[in-house]
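Asker:
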Amino acid sequence: MSQAHGYAAASTTAPLAPFSFERRTPGPLDVSIDILHCGVCHSDLHTARNEWGGTVYPSVPGHEIV
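In structure tokens form, the structure reads like this:
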């Protein structure tokens, strides 16, 4: 397990706030990368607000990584 840090929404109305969580140990078919920065785009806000359904909270949006 490894410690990860991000910004999470705790509910549909909560702002993104600092959040730490545990990542599982990578398996033999996984790739581990270091992410230095991540952008949050409009689709991430739809996800955080559960506008498309299926969001599990806390939700850590973001997919534009550097």
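Note that this note's numbering has the sequence shown beginning at 20, numbered continuously upward.
For every residue, glycine included, the Cβ atom is placed at its ideal position computed from N, Cα and C.
Which partner residues of residue 54 appear in the DSSP bridge assignment?
Answerer: As a position in the sequence shown, residue 54 is number 35, starting the count at 1. None, per the DSSP bridge assignment.
Asker: For the putative contact between residue 39 and residue 24, defined by C-beta atoms under 8 Å, what is the C-beta separation to the nearest angstrom?
Answerer: What you label residue 39 is simply residue 20 of the sequence shown in a count that begins at 1. What you label residue 24 is simply residue 5 of the sequence shown in a count that begins at 1. Their Cβ separation, rounded to whole angstroms, is 5 Å, which keeps residue 39 and residue 24 in contact under 8 Å.
Asker: Can residue 77 and residue 29 be called in contact, C-beta distance under 7 Å?
Answerer: Here residue 77 is taken as the residue at index 58 of the sequence shown, counted from 1. Here residue 29 is taken as the residue at index 10 of the sequence shown, counted from 1. A contact, by the Cβ cut-off of 7 Å.
Asker: Taking residue 59 as the reference, which of 73, 36, 43 and 46 has the closest Cα?
Answerer: Sequence index remark: in the sequence shown, residue 59 carries index 40 (1-based). Among 73, 36, 43 and 46, the Cα nearest to that of residue 59 belongs to 36.
Asker: Considering just the uninterrupted stretch of the beta strand (DSSP E) at residue 24, what are its terminal residues?
Answerer: Counted from its first residue, the sequence shown places residue 24 at position 5. Element bounds for residue 24: 21-27.
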